[in-house]
Each structure stands twice: as C-alpha cells, then as structure tokens.
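First residue of the sequence shown? That's 400 in my numbering, and the numbers climb one at a time after it. Down below is the structure, laid out as structure tokens.
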Amino acid sequence: MSFETLKARISLLLEEMVNQPEDAHQIEERIREQIAEFRALGLPVPEDFKEFEADLSARLARPQG
C-alpha cells in the first residue's frame, strides 16, 4: 500500500471521528492500526500522526471519572 493511500485512509478516519463522535473509540483503534501499517511497511509516519497517536495514548492513560 502506498504512503499516499495510507495518509488518505487516516484522513478519512479523522473526518469520520468528527462526524460520528459516538464511535470515537472504535475509530481511534482503526487509526492506530493504520499508523502501525506505516511502520510495518517501513514508511515514515507523518509528525502530525505521531502527535495524534501520543495524544490518544495520553488520554487513554488518564483515569476515567
């Protein structure tokens, strides 16, 4: 899969997250999978995707409630 295809897929998932916030957790997981695919293919992960991934991790690490 090409770099541009992966970027486009993540962009679509981010749009979906905005339009369907009730499905955010599921969409976040799909975004993580796409970022992992970048790494598995040896492609560079764009900085904004790395930052987004770090934000997700930080949010998941915070206690709920």
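Where a beta carbon is used, it is the ideal one built from N, C-alpha and C, also for glycine.
Check whether residue i and residue j have beta carbons under 8 Å apart
| i | j | result |
| --- | --- | --- |
| glutamate 421 | leucine 455 | no |
| arginine 431 | glutamate 452 | yes |
First and last residue of the uninterrupted alpha helix (DSSP H) at residue i
| i | result |
| --- | --- |
| leucine 459 | 446-460 |
| glutamate 421 | Premise fails: glutamate 421 is in no alpha helix (DSSP H) and is neither H nor E. |
Cβ neighbour criterion (16 or more within 10 Å) applied to residue i
| i | result |
| --- | --- |
| glutamine 433 | buried |
| phenylalanine 402 | exposed |
Original post:
Per the contact definition of three or more C-beta pairs closer than 8 Å, is the segment 405-413 in contact with the segment 423-438?
Top reply: yes
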